[in-house]
Ligand SMILES: *Cc1c(COP(=O)(O)O)cnc(C)c1O
């Protein structure tokens with residue numbers, strides 16, 4: 069049987085989504101209409117948040133949280149270098165400084181013990197350059213990596229003890245639960261993203277949730293060119309952004325959120341196929357799920373290889389064999405612009421670098437079939453023989 073190419077990821081779309089987008093096209097309101105409001109309402113109901121603010125990317129959502137938390141010039145924000153760059157970039161947008169701490173080697177999530185240490189011994193964690201010696205820590209930004217919530221109980225305790233804001237980057241974890249509570253609802257702000265490879269999509273898009281009325285008003289104003297409640301179209305209380313989500317995307321999102329559980333179950337099934345397909349392949353480790361994760365929300369399927377396996381050569385060979393894979397994550401502190409600004413070096417965050425060196429994201433989506441998963445697993449097994 070000829071083998072078809074396997075996509076890295078695919079959105080899970082039905083006629084309901086196509087119809088919803090077509091319906092918007094039959095109205096004159098392509099932005100700032102009812103669809104965004106309905107999408108936000110549906111989202112609030114789904115996760116139990118008081119406020120949902122839809123925006124045009126997850127990065128925009130994180131940036132609004134940084135602004136709402138009052139993070140500015142020179143402030144330090146404790147975060148993880150094992151993430152997608154956006155979770156740190158939003159600090160740089162405000163000339164604030166990410167204060168990186170390393171991760172738990174099992175989950176890949178930020179290590180709460182190191183957060184505590186970074187508060188008590190801040191100097192030890194400052195970058196070689198680009199930060200003031202007397203800079204103050206303002207917030208913590210944990211990331212729910214690969215769809216597994218960060219260890220939020222100790223993180224929230226540390227934050228409350230030291231009066232720090234917590235921005236939970238749940239862009240990879242919509243639908244996940246930590247000790248029975250929804251990801252994104254565990255800090256002061258939660259952020260989700262809807263790029264087409266995420267658990268649900270709006271094309272481009274993102275959303276912030278919070279229970280704080282004043283912060284919600286401020287973020288709504290800031291996404292809409294700084295127009296505060298009561299402002300007219302050409303009155304701008306604040307210097308704001310255009311971070312608005314359009315109506316087509318919101319209509320798509322409303323259908324997707326109504327299908328979330330169905331889509332998450334399909335993703336879980338694909339993860340199970342991978343788990344059993346890789347069970348007996350030597351040198352390959354599948355994702356560790358902590359007992360605090362009462363519900364996993366599969367975002368990507370990342371495996372770790374033994375240090376004896378040449379991961380990069382294997383990745384090349386897999387791509388040649390028609391299996392797209394990606395090293396995941398490339399550590400943030402080693403990105404060229406981070407090295408230039410802060411002087412980071414290889415070895416600064418050894419656990420992050422080790423996981424980054426040994427991991428690969430395999431093709432993954434809720435619309436993947438069992439035969440495709442088998443094909444990936446068999447190709448890996450053959451190449452490792
Ligand atoms: C996807 C993602 C984001 C946001 O991405 P956008 O492309 O801006 O929507 C932020 N943080 C993490 C960890 C992500 O995976």
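Residue numbers (my numbering): 69 to 453.
All C-beta atoms in this analysis are idealised placements derived from N, C-alpha and C, irrespective of residue type, glycine included.
- The distance from the Cβ of residue 313 to that of residue 273 is about 5 Å, consistent with a contact at the 8 Å cut-off.
- For residue 319, the enclosing alpha helix (DSSP H) begins and ends at 315-326.
- Just so you know, the alpha carbons of residue 445 and residue 333 end up roughly 21 Å apart.
- The three-state reading of DSSP puts residue 278 in strand, counting E and B together.
- In the DSSP secondary-structure assignment, residue 144 is bridged to 165 and 205.
- By the neighbour-count definition (other C-beta atoms within 10 Å, threshold 16), residue 97 is an exposed residue.
- In this structure, the straight-line span from the alpha carbon of residue 390 to that of residue 76 is close to 10 Å.
- In this structure, the CA atom of residue 237 is about 34 Å from the CA atom of residue 447.
- With a threshold of 7 Å, the Cβ atom of residue 77 does not count as near ligand 1, since no heavy atom of the ligand is closer than that.
- Listed in chain order, the alpha helix (DSSP H) runs fully inside the region 410-446 are 418-426, counting runs of at least 4 residues.
- Between the C-alpha atoms of residue 392 and residue 317 there is a straight-line separation of about 28 Å.
- In this structure residue 350 is exposed. Its beta-carbon is surrounded by fewer than 16 other beta-carbon atoms within 10 angstroms.
- For residue 121, the enclosing beta strand (DSSP E) stretches over residues 119-123.
- Rounded to whole angstroms, the separation of the alpha carbons of residue 105 and residue 323 is 13 Å.
- If you draw a 10 Å sphere on the C-beta of residue 341, you find 16 or more other C-beta atoms in it, and that means buried.
- Residue pairing by DSSP places residue 73 opposite no residue, since no beta bridge is assigned to it.
- For secondary structure counted as the beta strand (DSSP E) over 3 or more consecutive residues, the region 364-399 holds these complete runs in sequence order: 369-373.
- The beta carbons of residue 364 and residue 261 sit no closer together than 8 Å.
- The C-alpha of residue 285 lies about 19 Å from the C-alpha of residue 127.
- Spatial neighbours of residue 358 in its own chain (CB-CB distance under 6 Å, excluding positions within 5 residues in sequence) are listed in chain order as 175.
- Under the three-state reduction of DSSP, residue 171 is assigned to strand.
- Each residue's CA atom was taken as its position, placing residue 402 and residue 156 some 12 Å apart.
- Checking the 7 Å criterion, the Cβ of residue 263 is within range of a heavy atom belonging to ligand 1.
- With a 10 Å radius around the Cβ and a threshold of 16 neighbouring Cβ atoms, residue 380 comes out exposed.
- A heavy atom of ligand 1 is found nearer than 7 Å to the CB of residue 130.
- The continuous stretches of alpha helix (DSSP H) do not include residue 347, and DSSP gives it neither H nor E.
- Residue 211 has its Cβ nearer than 7 Å to a heavy atom of ligand 1.
- Taken through DSSP and simplified to helix, strand or coil, residue 357 comes out as coil.
- Nearest to residue 453 by C-alpha distance, out of 378, 337, 250 and 247, is 378.
- With a threshold of 16 other beta carbon atoms within 10 Å, residue 257 meets it and is buried.
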